[in-house]
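Q:
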Amino acid sequence: MPMLQVNLLRGYNSELKSRLSRVLTAVISGITRAKPETISVWIDEFDSDNYSRGGQVRQPGPGAADPETLVRDYLTAMEQRELDTARRYLSEDFVMTFPGSGDLTSLNQLVEWSKGRYRFVKKTVAAVNVAYEMGEVVVFVNGTLSGEWPDGAAFDSVRFIDRFEIRDDHLVRQDVWNDLANAQA
0 MPMLQVNLLR GYNSELKSRL SRVLTAVISG ITRAKPETIS VWIDEFDSDN YSRGGQVRQP
60 GPGAADPETL VRDYLTAMEQ RELDTARRYL SEDFVMTFPG SGDLTSLNQL VEWSKGRYRF
120 VKKTVAAVNV AYEMGEVVVF VNGTLSGEWP DGAAFDSVRF IDRFEIRDDH LVRQDVWNDL
180 ANAQA
């Protein structure tokens, strides 16, 4: 029965603390094979005036945005062609690749590149998996695509996987794999 005690400066919201507990439980379960219901996580909070580093009293930093929410909100904005909203999720050095596209560095490039491929695409998300790395978060999204080909014919049930890299609450990379070429053939 693994037990973990975490010390935090007071000031983080309940959603962030809940997310922290879920992620730590998942990591401990994955490494120890303990069932999640047997893992205990305690979060002890301390007032900032009871903590110092380097002789200076410190305040809690801003918590990170939920990476799954960030990716889902970006994908929703893209599906609705709200490009200005979608751009707010991207870092200045954002790069994306799609099957056959090469590196694209702007949403305008993506729109231009996709014009002859389909009229529109919608994603049905089956699963989102989040992996915390040192310095970045990687989010995998998988599911199916539906939409219309340029001639107006419908397609659906086309598999896809998106892999996103996130730093500082912004998307820095998106790699896409899908079976659109097989579905079109």
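Position 122 of the sequence shown, counting from 1, maps to 121 under numbering that gives the first Met the number 0, and the rest follow consecutively. Where a beta carbon is used, it is the ideal one built from N, C-alpha and C, also for glycine.
1) Whose C-beta lies closer than 6 Å to the C-beta of residue 192 among residues of the same chain, with five residues either side of it excluded?
2) Quick one: using the 10 Å Cβ neighbour count with 16 as the cut-off for buried, is residue 160 buried or exposed?
3) I'd like to know whether the C-beta of residue 49 is nearer than 8 Å to at least one C-beta of chain B.
4) Hey, how far is the Cα of residue 46 from the Cα of residue 172?
5) Specify the secondary structure class of residue 64 as computed by DSSP and reduced to three states.
6) How would you call residue 165, buried or exposed, if buried means at least 16 neighbouring beta carbons within 10 angstroms?
7) If you scan the stretch 132-158 from start to end, which runs of the alpha helix (DSSP H) of 4 or more residues do you find wholly inside it?
8) Roughly how far, in whole angstroms, is the beta-carbon of residue 104 from the beta-carbon of residue 93, given that I think they are within contact range, below 8 Å?
9) Where do the N-terminal and C-terminal ends of the beta strand (DSSP E) with residue 172 fall, by residue?
10) How would you label residue 18, buried or exposed, when you count the other beta carbons within 10 angstroms and need 16 or more for buried?
11) Give me whichever residues DSSP pairs with residue 41 in a beta bridge.
12) Measuring CA to CA, which of 125, 144, 138 is closest to residue 117?
13) Between residue 182 and residue 154, which are expected to be in contact by the criterion C-beta below 8 Å, what is the C-beta distance as a whole number of angstroms?
14) Pick out whichever of 128, 109, 70, 111 has its Cα sitting closest to the Cα of residue 26.
15) Which of the three DSSP states is assigned to residue 75 in this structure?
16) Report all residues from its chain with a CB closer than 6 Å to the CB of residue 10; omit the five preceding and five following residues, and keep chain order.
A: Short version:
1) No answer is possible for residue 192: the residues shown for the chain start at 0 and end at 184.
2) One-based indexing of the sequence shown puts residue 160 at position 161. Result: exposed.
3) Of the chains in the structure shown, none is chain B; there is only one protein chain.
4) Taking the first residue of the sequence shown as 1, we reach residue 46 at position 47. Taking the first residue of the sequence shown as 1, we reach residue 172 at position 173. Near 37 Å, if we compare the C-alpha coordinates of residue 172 and residue 46.
5) Within the sequence shown, numbered from 1, the residue matching residue 64 stands at position 65. Residue 64 falls in the coil class under three-state DSSP.
6) Looking up residue 165 in the sequence shown gives position 166. So residue 165 counts as buried.
7) none
8) Counting from one through the sequence shown, the residue named residue 104 turns up at place 105. Counting from one through the sequence shown, the residue named residue 93 turns up at place 94. Their Cβ separation, rounded to whole angstroms, is 7 Å, which keeps residue 104 and residue 93 in contact under 8 Å.
9) Numbered from 1 along the sequence shown, position 173 holds the residue referred to as residue 172. Here the beta strand (DSSP E) through residue 172 covers 169-177.
10) Counted from its first residue, the sequence shown places residue 18 at position 19. Answer is buried; the Cβ neighbour count reaches 16.
11) For the purposes of this step, residue 41 is identified with residue 42 of the sequence shown, where counting begins at 1. Residue 41 is bridged to 4.
12) Here residue 117 is taken as the residue at index 118 of the sequence shown, counted from 1. It is 144 whose Cα lies nearest to the Cα of residue 117.
13) Counting from 1 along the sequence shown, the entry for residue 182 is found at position 183. Counting from 1 along the sequence shown, the entry for residue 154 is found at position 155. About 5 Å separates the beta carbon of residue 182 from that of residue 154, a gap short enough to meet the 8 Å contact definition.
14) Locating residue 26 in the sequence shown gives position 27, where the first residue counts as 1. Cα-wise, what sits closest to residue 26 is 128.
15) Start at 1 with the first residue of the sequence shown, and residue 75 comes out as number 76. It is helical.
16) To locate residue 10, count along the sequence shown from 1; it is residue 11. Result list for residue 10: 59, in chain order.
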